[in-house]
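In the order they appear, the protein sequences are chains A and B.
Mind the numbering: the first sequence is residues 7 to 273 in the working numbering, read in order.
Mind the numbering: the second sequence is residues 3 to 226 in the working numbering, read in order.
Glycine included, every Cβ here is placed at the ideal spot set by N, Cα and C.
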Amino acid sequence: MVSKVLRAASAPVRLLLLGAFVWLGTACVQAEEGPVIAAAADLNFALTEVAQRFRDVTGHTVKLTFGSSGNFFTQITNGAPFQLFLSADEAYVQKLAERGLMRDGGALYAVGRVVVYAPNGSPLKVDGALAGVAAALGDGQISHFAIANPEHAPYGRAAREALEAAGLWSKIRPFLVLGENATQAMQFATSGSAQGGIVPLSLVLASQVEGHGTWALLPESSHAPLRQRMALLKDADEVATAFYDFMQTTPAREIMQRHGFILPVSN
Amino acid sequence: MDWTAFALSLKLAVWTCVLLLPLAILIARALAWGRFPLKSVVESLIMLPLVLPPTVLGFYLLVAFSPQSTFGAFLKAIVGEPLVFTFAGILVASVLINLPFAVQPIQRALEAIPPNVREAAFVSGLSRWETMRRVELPLAWPGVVSAIALVIAHTLGEFGVILMIGGSIPGQTRVMSIAIYDNVQAFRTDQAAVMSAALLAFSLAAIALVHVLARWQRTTSHAP
Chain A
7 MVSKVLRAAS APVRLLLLGA FVWLGTACVQ AEEGPVIAAA ADLNFALTEV AQRFRDVTGH
67 TVKLTFGSSG NFFTQITNGA PFQLFLSADE AYVQKLAERG LMRDGGALYA VGRVVVYAPN
127 GSPLKVDGAL AGVAAALGDG QISHFAIANP EHAPYGRAAR EALEAAGLWS KIRPFLVLGE
187 NATQAMQFAT SGSAQGGIVP LSLVLASQVE GHGTWALLPE SSHAPLRQRM ALLKDADEVA
247 TAFYDFMQTT PAREIMQRHG FILPVSN
Chain B
3 MDWTAFALSL KLAVWTCVLL LPLAILIARA LAWGRFPLKS VVESLIMLPL VLPPTVLGFY
63 LLVAFSPQST FGAFLKAIVG EPLVFTFAGI LVASVLINLP FAVQPIQRAL EAIPPNVREA
123 AFVSGLSRWE TMRRVELPLA WPGVVSAIAL VIAHTLGEFG VILMIGGSIP GQTRVMSIAI
183 YDNVQAFRTD QAAVMSAALL AFSLAAIALV HVLARWQRTT SHAP
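Printed below as a string of structure tokens:
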């Protein structure tokens, strides 16, 4: 049937049909406008809310993409078209600024905290000193323990430091499952296939995972502080700049605080 | 349902087909009837994406596309934007990785055409181009449609390469498969479920179409 119609159509008509098809495919996509913002995975829920508030206030949309800060660092050095980078570790932003890829040194926007998490039904008892983890390890009750990849995810590094401080790193290493970023570690930890994990406080507080498990805040002294810095890239537009400024206003700061971030003293 | 990702996946599939089909038809003809040195090497190279881990291709493309490399800077000067983390970049990757899916079915269909049919066309004074347009392609069209179905289905399922050289940029490189991955990570399981079901249905339909066409071709090629 289709082939009959196509055969009946002359060559120009066929070309026109093809062109229309391609145009259709292209046109659908161009609807969404706005600068692309690369954000550390621990901001998945907090920043989505900030972006909604930003749209309500200014009428502008921003496009968010979440991942590990180390991956974004590599992508930006390779020319990724982001306009604003919110890192979970300020060292990445500083290195990019030194290479002249950012507009300036940026601003500190939050300090992150980590928690030890156990899903419902896990034998793991959670506490800030990780004594429950040590006990469960000793009893052979841990087969999988989720953290983000310490190689390129700042929250993974914090998790490793906390485990090292508790003297558990070498014992727990064979049981670690590494998330590609903090949210994947969180997803592993809540899945029930792992007995627990060390994950960002901001993800544990999200309504999506509420009631799925128990958690305990790790003391700030157990790891190097997760000083989260953001900076605009060289060719950031007005909307990206406005969002950068909005992050430092009270409404945005309140959202961040509600999601478990410690706020830097406003500057 | 993330409609931006859906539209982007479709756009990628359509553009891959548009760029790949003419190329694949030429390559398939050469492989079906051509005799040239190193033919088996060329054939192997085209089959390579079937077995090559997508991350390997992703790695090489990332290196090649980086504006810091000579080749990447050259590409950037032509296209006007760096190819990493852009739609143009994932399109190039998609064309490369789909080569075997486009060439194979067309080549099989062409090989099924009896030689005397083509000889008759030549004897009748048809040029190579006319033979292709009026004799070969009409006979091989089930192969061409199979190629289109396979390429579209495979493009919608691409993940590794796109993640490596595309990142996950809404409207640029966050295609359906990447959006599903992002949704699972962000605990939006319901969204991931809807999109997964859509891809599952689409892939099933594509495979069914390929099978129907293959059977149709077998029955017609036995006819005198």
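Below-8 Å beta-carbon distance, residue i vs any chain B residue
i	result
residue 86 of chain A	yes
residue 42 of chain A	yes
residue 254 of chain A	no
residue 89 of chain A	no
residue 214 of chain A	yes
residue 155 of chain A	no
residue 106 of chain A	no
residue 118 of chain A	no
residue 240 of chain A	no
residue 220 of chain A	no
residue 126 of chain A	no
residue 201 of chain A	no
residue 73 of chain A	yes
residue 147 of chain A	no
residue 81 of chain A	yes
Residue i (DSSP reduced to helix, strand or coil)
i	result
residue 37 of chain A	A caution first: residue 37 of chain A carries a pLDDT of 49, below 50, which makes its placement in the model unreliable, though a value can still be read off. Correct three-state label for residue 37 of chain A: coil.
residue 115 of chain B	coil
residue 86 of chain B	coil
residue 125 of chain A	strand
residue 109 of chain A	coil
residue 94 of chain A	coil
residue 220 of chain A	strand
residue 5 of chain A	Because chain A here runs from 7 to 273, residue 5 of chain A falls outside it and cannot be looked at.
residue 69 of chain A	strand
residue 28 of chain B	helix
residue 40 of chain B	coil
residue 235 of chain A	strand
residue 44 of chain A	strand
residue 233 of chain B	Chain B is shown only over 3 to 226; residue 233 of chain B falls outside these bounds and no answer can be derived.
residue 246 of chain A	helix
residue 135 of chain A	coil
residue 60 of chain B	helix
residue 127 of chain B	coil
residue 137 of chain B	helix
residue 271 of chain A	coil
residue 102 of chain A	helix
residue 230 of chain A	coil
Chain A within 8 Å of residue i, Cβ atoms only
i	result
residue 154 of chain B	no
residue 141 of chain B	no
residue 76 of chain B	no
residue 173 of chain B	yes
residue 88 of chain B	yes
residue 187 of chain B	yes
residue 64 of chain B	yes
residue 198 of chain B	no
residue 82 of chain B	no
residue 170 of chain B	yes
Cβ-based neighbour list, residue i, same chain, cut-off 8 Å, excluding 5 preceding and 5 following
i	result
residue 41 of chain B	33
residue 196 of chain B	3
residue 101 of chain A	79
Chain-order list of residues whose beta-carbon lies under 7 Å from that of residue i (same chain, five-residue window excluded)
i	result
residue 195 of chain A	123, 125, 152, 202, 203, 205
residue 57 of chain A	68, 70
residue 263 of chain A	269
residue 143 of chain B	none
residue 257 of chain A	59
residue 66 of chain B	73, 74
residue 199 of chain A	150
residue 8 of chain B	178
residue 91 of chain B	67, 85, 167, 168
Close Cβ partners of residue i (< 6 Å) along its chain, the five nearest in sequence each way excluded
i	result
residue 105 of chain B	26, 29, 30, 48
residue 63 of chain B	95, 167
residue 99 of chain A	93, 112, 235, 237
residue 252 of chain A	60, 258
residue 150 of chain B	19
Cutoff 8 Å: residue i Cβ touching any chain D Cβ
i	result
residue 100 of chain A	Among the protein chains in the structure shown, which are A and B, there is no chain D.
Quick check on the DSSP output: what are the complete beta strand (DSSP E) runs of length 3 or more inside the stretch 192 to 217 of chain A, in order along the chain?
The stretch 192 to 217 of chain A contains, as complete beta strand (DSSP E) runs of 3+ residues, the segments 202 to 206 (chain order).
Is the stretch 149 to 161 of chain B touching the stretch 201 to 221 of chain B in the sense that three or more CB pairs, one from each, lie closer than 8 Å?
yes
Okay, do the stretch 104 to 122 of chain A and the stretch 232 to 242 of chain A touch, 3+ Cβ pairs below 8 Å being the bar?
yes
Complete runs of the beta strand (DSSP E) confined to the stretch 148 to 219 of chain B [at least 3 residues]:
none
Assess, as a yes-or-no matter, whether the stretch 144 to 164 of chain A is touched by the stretch 183 to 193 of chain A under the definition of 3 or more beta carbon pairs within less than 8 Å.
yes
Do the stretch 3 to 14 of chain B and the stretch 182 to 202 of chain B make contact, defined as three or more Cβ pairs closer than 8 Å?
Taking a contact to require three or more Cβ pairs closer than 8 Å, the stretch 3 to 14 of chain B and the stretch 182 to 202 of chain B qualify as touching.
Do the stretch 76 to 90 of chain B and the stretch 84 to 91 of chain A touch if we need at least three Cβ pairs shorter than 8 Å?
Three or more beta-carbon pairs drawn from the stretch 76 to 90 of chain B and the stretch 84 to 91 of chain A are found closer than 8 Å, and the two stretches are therefore classed as touching.
Suppose only complete runs of 3+ residues qualify. What are the beta strand (DSSP E) ranges in the stretch 143 to 184 of chain A, listed by chain order?
151 to 154
If contact is defined by three or more beta carbon pairs under 8 Å, each pair taking one atom from either stretch, is the stretch 187 to 207 of chain B in contact with the stretch 108 to 126 of chain B?
no
Any contact between the stretch 163 to 181 of chain A and the stretch 141 to 148 of chain A? By contact I mean 3 or more CB pairs, one from each, below 8 Å.
yes
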